[in-house]
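Protein chains: 4
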Amino acid sequence: MEPKRLKNFINGQWVESKTHRWLEVRNPATDEVIALCPETTPDEIDRTVRLAQEAFWSWRNTPPPRRAKFLFDFHEKLQKHQDEIAGLIVNENGKTLADARGEITRAMEYVEHACAGPELLKGSHAEDVGTGVDTMYIREPLGVFVFLPPFNFPAMIALYFVWGLAAGDTAIVKSSRLCPMTVTRIVEIAEECGFPKGVLNLLHGSGSGVGEALVTHPGTVGVSFVGSSEVGERVYKTAIHHNKRAQCQGGAKNHVLIAEDAIIDEIMQNVVDSCFGHVGERCFAVSNVLAVEKVYGKVKEKFLDLSKKLVLGYGMEKGVTLGPVVSKEALNEMLVEVDQGIKDGAKLLLDGRNPRVDKYPKGYFIGPTVFEAEPEMRIFQLEVFGPVRCLKKVKDLAEGVQIINQSPYGHTANIYTENGGWAREFARLVDVGQVGINIGTPAPIAYFPVGGRKISMFGDIRGRANEAIDFYTDKKVIISRWHSSFQGVAKTLDDGFAMKYGKK
Amino acid sequence: MEPKRLKNFINGQWVESKTHRWLEVRNPATDEVIALCPETTPDEIDRTVRLAQEAFWSWRNTPPPRRAKFLFDFHEKLQKHQDEIAGLIVNENGKTLADARGEITRAMEYVEHACAGPELLKGSHAEDVGTGVDTMYIREPLGVFVFLPPFNFPAMIALYFVWGLAAGDTAIVKSSRLCPMTVTRIVEIAEECGFPKGVLNLLHGSGSGVGEALVTHPGTVGVSFVGSSEVGERVYKTAIHHNKRAQCQGGAKNHVLIAEDAIIDEIMQNVVDSCFGHVGERCFAVSNVLAVEKVYGKVKEKFLDLSKKLVLGYGMEKGVTLGPVVSKEALNEMLVEVDQGIKDGAKLLLDGRNPRVDKYPKGYFIGPTVFEAEPEMRIFQLEVFGPVRCLKKVKDLAEGVQIINQSPYGHTANIYTENGGWAREFARLVDVGQVGINIGTPAPIAYFPVGGRKISMFGDIRGRANEAIDFYTDKKVIISRWHSSFQGVAKTLDDGFAMKYGKK
Amino acid sequence: MEPKRLKNFINGQWVESKTHRWLEVRNPATDEVIALCPETTPDEIDRTVRLAQEAFWSWRNTPPPRRAKFLFDFHEKLQKHQDEIAGLIVNENGKTLADARGEITRAMEYVEHACAGPELLKGSHAEDVGTGVDTMYIREPLGVFVFLPPFNFPAMIALYFVWGLAAGDTAIVKSSRLCPMTVTRIVEIAEECGFPKGVLNLLHGSGSGVGEALVTHPGTVGVSFVGSSEVGERVYKTAIHHNKRAQCQGGAKNHVLIAEDAIIDEIMQNVVDSCFGHVGERCFAVSNVLAVEKVYGKVKEKFLDLSKKLVLGYGMEKGVTLGPVVSKEALNEMLVEVDQGIKDGAKLLLDGRNPRVDKYPKGYFIGPTVFEAEPEMRIFQLEVFGPVRCLKKVKDLAEGVQIINQSPYGHTANIYTENGGWAREFARLVDVGQVGINIGTPAPIAYFPVGGRKISMFGDIRGRANEAIDFYTDKKVIISRWHSSFQGVAKTLDDGFAMKYGKK
Amino acid sequence: MEPKRLKNFINGQWVESKTHRWLEVRNPATDEVIALCPETTPDEIDRTVRLAQEAFWSWRNTPPPRRAKFLFDFHEKLQKHQDEIAGLIVNENGKTLADARGEITRAMEYVEHACAGPELLKGSHAEDVGTGVDTMYIREPLGVFVFLPPFNFPAMIALYFVWGLAAGDTAIVKSSRLCPMTVTRIVEIAEECGFPKGVLNLLHGSGSGVGEALVTHPGTVGVSFVGSSEVGERVYKTAIHHNKRAQCQGGAKNHVLIAEDAIIDEIMQNVVDSCFGHVGERCFAVSNVLAVEKVYGKVKEKFLDLSKKLVLGYGMEKGVTLGPVVSKEALNEMLVEVDQGIKDGAKLLLDGRNPRVDKYPKGYFIGPTVFEAEPEMRIFQLEVFGPVRCLKKVKDLAEGVQIINQSPYGHTANIYTENGGWAREFARLVDVGQVGINIGTPAPIAYFPVGGRKISMFGDIRGRANEAIDFYTDKKVIISRWHSSFQGVAKTLDDGFAMKYGKK
């Protein structure tokens, strides 16, 4: 079967790109080309931006409750197509069906939160800041926002745009070139909801090409990016250079720290899931597992046991618990890092390289790969976006925190303990954006903002939730006073003013 | 056709009451009995309360986002049945189909706002109010709430329960005995959403019987009532006597004040609609129209002209713009008030009594009835829940405000002017809960709270919106401190603590 | 020395009452009469209310930042007189100087929070709830509020009025008849700040006389009461009957529950302080100490040891750690309860009756008195407002919670544990307004609201903090729309509207 | 008299710089050197940053209410020294004493708002986002912030640091090199309040030297800058390049638009004050006065009349209403712009060049200078930081808005009208950060955020108010779940769990 050529969605219409450059989208379990994704041309980009600009003023003037109604409708229709979308995710991303469904559950909550737009957009008002003078602010949308979602959550992160639309901005989503099919389907569903034309647009293509063109186009006002730290930093600084708003979420090297009172039998499955869920390709994935001396032995044993139970395969098949990584390039980079780890003296406890996956010999598979490593090693420090993890024994909780805070990343840190005092102290000390207590992947639900520190995030307004509204709007302060008064037109004010008004 | 016997919905099941007393529900346009509504028995009431109590703990422990998902589903299903519900409203309440649809549009927004439950339920947290001491509050639901909606908005006000459910309380709705069919259908739709049994219950019967039994039952924790001031006060004080929470919204006698700069040609249709929409049976209806000397003549002329254009009839028929009042009793009371007005010397400008409505000779019709009256007259002061209205010339804006503030009611007051200063001054001076500026029925959308002053409301927490969440929950403050610390288990803390933790 | 006759502060002036009834204020350590407090006459009360009403409109129209400046000034001046006020507290209330100082520290935070009035009074605004329609609410003060503080925190609770003043209401404080001197001094200090006359008023007298007259006077709009449950309920229902707002904080019987992992050596001093601080006369005092079997023996031993170390005496003297109770009547009631406890079979572990306090033989002293008692006993169930406490062994945490929730009171409950999970579960399960985790007296700081459940509070809006602002104001919703537009006066709008406005 | 050598305030001590470069501070009315300000050396800068870093961890761990107490104390002490500070402002900045006092009044409100720190720092908490899982965020301070205030409000803008301190950050203020004396005195006053050493630091020197060194130093985390657009953009991009937070408020070219219904007699003094107050050296100053045809003639006449009444002179002298501009360089630049205006064909209506100010012949004076100019002229477009203003007739309000939105700046825009509809429409249409309605200088009070658009602001979080707290903190999300439960240690749970717990 001929792979489908994906179309762009511009100003309410599906348009095939006139580009000569078509990027292959492959099923990472089979290496088959399942779609072709256009490298959208500069002309097409420019046209899209201009049409999104034209759509802005009218969308900005659509009352927020009416905008919310589109989102309620979108929510309903997405709900109906959940399974279909999950299947697309599996096929282009590689994760298991269970993970894909988990992604969608979370994604639905984004839409649910954005449905509260009219509530979130409320401004603040103060009467009589001085006699007769009132002050208030309203939250104004800004224009055309660019959304650059990554390949690893092709549905969830792509849906960042719902807050932009709730806020009254118009949106151009550029799909991840590895996983553009999911968001294409999502935009098709949005189309059914009848959003006014130009409000939501979808373009395909590469980050360095189409993405950069959007960020630097004078007609766009800001960008929400999620991806690697390296690219995130570049996008952020480019955007700032062009006087745009930007929030760029980068990579991570997350740690868990297991205290001596942790209930090892109960927690280890959660730790392992945190390491290998979504094929380890998520910014909330745990990379390094630290445990204090007293329990390290047991932690290590359990960790390896449970890791070995993971079943590699095509994510749509039953029983499979670990899919392939997203691309051959990604797999090769990972293998280089594993080699480097070995070279640097890290102890390879579990070697997942070159696994045998009979039915899918061409898949980009790597099994769980576990090192015992030291903080100064590259394998311990740098993000590996796949199922390659490190263990490390620490003397005490203090050493654990020290190691965590020496990481160049600052996305999450997690402690396993039943002790309320240790948990509180840990949460205060670690220099990260999200803290997990007995939870390895402390991803905030849609109702809370997300953002890392250090090279895990560039930008000062966090993503999602109420902070998304902060990002997609600007506060406009209005200060007023009037000269007209009842007294100016009064005929009955012959005595005490207040009394006259019935205020006694 | 035999009128339908309405069932109660108790603990997830539709149950026919064992009562011997069945109340007739009539179509006010035809006087036909269209349903029979049981006076639910004390035993049945008691059983319902107990089952709602049993359902509470589990519903309270259902995470708010999961509770919200039920409401999203409910929203979707209600949306589909809008027309059907509108038809039920017309048939049992009498208002026109357009008004019924308007009611539902507003009602949907209640559900939409309640869908934001997880956002609205967020508590507040302060770290380190003293060294090592944290304080926060959570919003806890309280138990079984009673909802006593009125006949005039049988869909909209009945839906107050959505905030209670969002908050984690369980609900018993007692339908209005005049209009119980609409809410019955709404609860059927809710049933399809699979709310856990006992979470939402519906009982039928009289206010003095079933309503009071619910309010005084030791198993209920509070009541939201909307109805007349007289009954509202009684319900409120009864509830308080039994140590329950209560918010009781009562009646109104709303005024508009037309300033000399008002654009008469543009505003008068709005004024007339405010007076006669929903057959004048709404707490936001305008009763008294005040205008300053300079424009009074024109206002009066236009008002009478437009009033005369209203077409009486059965609300389902095309072209009808004024339906019957809800019951024969209501009609008779109104006629008594009109007589009294005449006796008191008010000038009857338009007499709507005994109108001819050919196709519906048995309907409870009264046409627009307009007096020119003085503030001290009963017809000017007391609420008439139907299309009987007063006009009054005032010398200036100050006199207008004075008259407004002398009313025993304090629901709304409205000014028509283009002048920003007059509008602001008016808003500050009038002693009411809602102020309209060029809007005769300033009903807050679901995102803002509703409540009157003086005898228009009993209770200190307003209805709907975030305030509904305040009402249906109690804040529980939690103050914590821990004795365990990293230092207590430290092995590596040989020098500077902060440094050790990587905090430099 | 002749005891001072306290004056009322009415409309900016210190006025001696014309009453013939003067109530004696005694130093509970010495039984000396230290002041005479008038039973203010009905005429004086009426005059005060009327003057406070007259002061309202102007104070309501004073911009909130300007009102805040008075409070900043008040804060500064109170700060300077802290020691003096502390001395007054010791002399009329009996608590130790250290406790009195602690009270003032907390009291200062009330003023500090109220200084944020302009922030707390901000309303909410939504632009375009429908096309061209804006909605907002402002928080309006209501009129004259009555403050009925208790004897046990004569400075702190008396200062509830700061939130009322911040909100724009005027205040009448009725002093506790046992401890009227402290608040008199506080009002003198307020006087120096130049609050406009009539804004803050002070009356002396009994609760049943002056208090009730204020609550039922048609000119007052609401009441904040703190005292016993019995009186609180009465005041609440009286206020409601008269259509006033009311929040009445009542009594308490607070429990701590000590888990098996609690660090007994560290926590017991805190437990004992919670029991006997402020002579046990506080609604946050712990009355019943529950401990699980495994640690009960050690808890009991430590508790008795530390209790015995308390030193009775006059609170101004160094080394004294337990003052007298507030009055001879209070002491006698307590002794009756102790007798009853013995009769009911409670085991008297420590008998504080008839203690020897050499220098103050006339003082109303009772030493720490400790029972081992059972939940069904009166001494375990009912509030004893003084240093009489119970211990009780429980099988497990679940039994502890069960006992706590069977109490008729619901003010606080406290757990001592290092376990985060137990703490969370405890906090959710206990049916109280405040939860302490390793803190026996979980009194929220001024920045958080305070309120109990069951008979510990009557009213639905909690005290202090942002909730105080909710209580002392009403939201007024303003909905506006305008007919004038630029197009109505346009000469340049010959093409695309948005373009013309430079919005591209 | 030898001019005073200003010292730096580093880590709690006043230290004289070892620099060899001393910058002259002159009184602009007299040209006298009144102080010498050091160009602080790189070593001193580095040392200051390191000490501020060291002070951070302890200040971050000081409970917010305790931090607030320092600010309350600071507020009190500043209040006492108001006149003294006002005098310093006049002497180094040139503005009149009345303006200087006005500045301080506003400045005090900054401190007042920051005193609400404990309120503003509250985080958000959600219980049970999933079963047993809680999520919350806390607001964490970030480290050492740099404050770069401008010369034009040497007290007010310098006090931005109060929000940083309230938030728990430590601060390094670099004084404006033209006006360093005021902030030096302010820091002396802060010193008296006993802020812990290192928490607040003051360095002197140039922006390009000391300012840039602070912004690029690896030990600082962010910068708040107020100044020109050109420098603001440079500072912003430098800060971003170094991965710091930044908010840089730039210049402005503010417009007023006078509608035909404006009450010209009442408003023109306000318009003129908006143009020439603070010598026209403020980002809120009005530069261009637009009026619709019908009233333009009268506006122009009145404007010139009132402008001519301004009295030039030394700001400390009575009767003086317009001081000198801040420096000879500034004056010269202004004169160049005036020449250019004339060259470009703008009509000079009032020529303030080379005014005669007898007593102060060396002062940097320029009288009110008024053009009639066109939007495409440089004098109409670019910011002139002094009393040089333009008038312009417009056909209608639409043309006025069009002109406003074509400006490269977006700080404020102001309309004079009594019409509520025009005011609303204007506020929505203008692309600026602050809108004034009948107020020429719509500077938000401290309780509202400030920020412009386009080249008037670089950064996405506005300054002051709650937004300042957003800027000086990062949200850290904490997600927790526990494995321990009461059931794990239960002995009494033999039947229904909820019942056992007394929850029925």
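Residue numbers (our numbering), protein chains in the order written: chain A, 1 to 504; chain B, 1001 to 1504; chain C, 2001 to 2504; chain D, 3001 to 3504. Backbone N, C-alpha and C fix where the C-beta goes; we use that ideal spot for every residue, glycine too.
Does residue i have its Cβ less than 8 Å from a Cβ in chain B?
{"i": "F72 of chain A", "result": "yes"}
{"i": "P2150 of chain C", "result": "no"}
{"i": "T3220 of chain D", "result": "no"}
Would you say residue i and residue j are within 8 Å of each other, going by their C-beta atoms?
{"i": "G1123 of chain B", "j": "R1139 of chain B", "result": "yes"}
{"i": "I2186 of chain C", "j": "A2155 of chain C", "result": "yes"}
{"i": "E2337 of chain C", "j": "V2384 of chain C", "result": "yes"}
{"i": "G2463 of chain C", "j": "Q2247 of chain C", "result": "yes"}
{"i": "P3355 of chain D", "j": "G3280 of chain D", "result": "no"}
{"i": "E2119 of chain C", "j": "E3016 of chain D", "result": "no"}
So with Cβ pairs under 8 Å, would you call residue i a contact of chain D?
{"i": "V2254 of chain C", "result": "Per the sequence presented here, residue 2254 of chain C reads as Asn, with Val not at that position. No, its Cβ sits nowhere closer than 8 Å to a Cβ of chain D."}
{"i": "C2179 of chain C", "result": "no"}
Assuming residue i and residue j make a contact with CB atoms under 8 Å, what is their CB distance in whole Å?
{"i": "L2078 of chain C", "j": "V2033 of chain C", "result": "Their Cβ separation, rounded to whole angstroms, is 27 Å, which puts L2078 of chain C and V2033 of chain C out of contact at 8 Å."}
{"i": "V3289 of chain D", "j": "V3256 of chain D", "result": "5 Å"}
{"i": "G2205 of chain C", "j": "K2237 of chain C", "result": "No, G2205 of chain C and K2237 of chain C are not in contact; Cβ-Cβ is about 21 Å, not under 8 Å."}
{"i": "D261 of chain A", "j": "A1490 of chain B", "result": "Between A1490 of chain B and D261 of chain A the Cβ distance is about 15 Å, and since that is not below 8 Å, they are no contact."}
Just checking: is the beta-carbon of residue i within a distance shorter than 8 Å of some beta-carbon in chain A?
{"i": "V3272 of chain D", "result": "no"}
{"i": "L2121 of chain C", "result": "yes"}
{"i": "D2128 of chain C", "result": "yes"}
Taking the alpha carbon of residue i as the reference point, which residue from the options has its own alpha carbon closest?
{"i": "F1458 of chain B", "options": "C:H2020, C:P2149, C:V2221 and C:Y2360", "result": "C:V2221"}
{"i": "Y137 of chain A", "options": "D:G3451, D:Q3340, D:Q3487 and D:E3230", "result": "D:G3451"}
{"i": "G3012 of chain D", "options": "D:L3200, D:Y3160, D:Q3269 and D:A3285", "result": "D:L3200"}
{"i": "F303 of chain A", "options": "A:C390, A:K359, A:G345 and A:E281", "result": "A:C390"}
{"i": "P1065 of chain B", "options": "A:S485, A:H241, A:M108 and A:E44", "result": "A:M108"}
{"i": "F2056 of chain C", "options": "C:I2264, C:V2144, C:F2072 and C:F2448", "result": "C:V2144"}
{"i": "G436 of chain A", "options": "A:A29, A:A373, A:I258 and A:G232", "result": "A:I258"}
{"i": "S3480 of chain D", "options": "A:I455, A:G421 and A:K476", "result": "A:G421"}
Problem - alpha helix (DSSP H) runs wholly inside the region 1052-1079 of chain B, at least 4 long, in chain order - result: none
Problem - Secondary structure, beta strand (DSSP E): runs of 3+ residues fully inside the region 3260-3297 of chain D - result: 3286-3292
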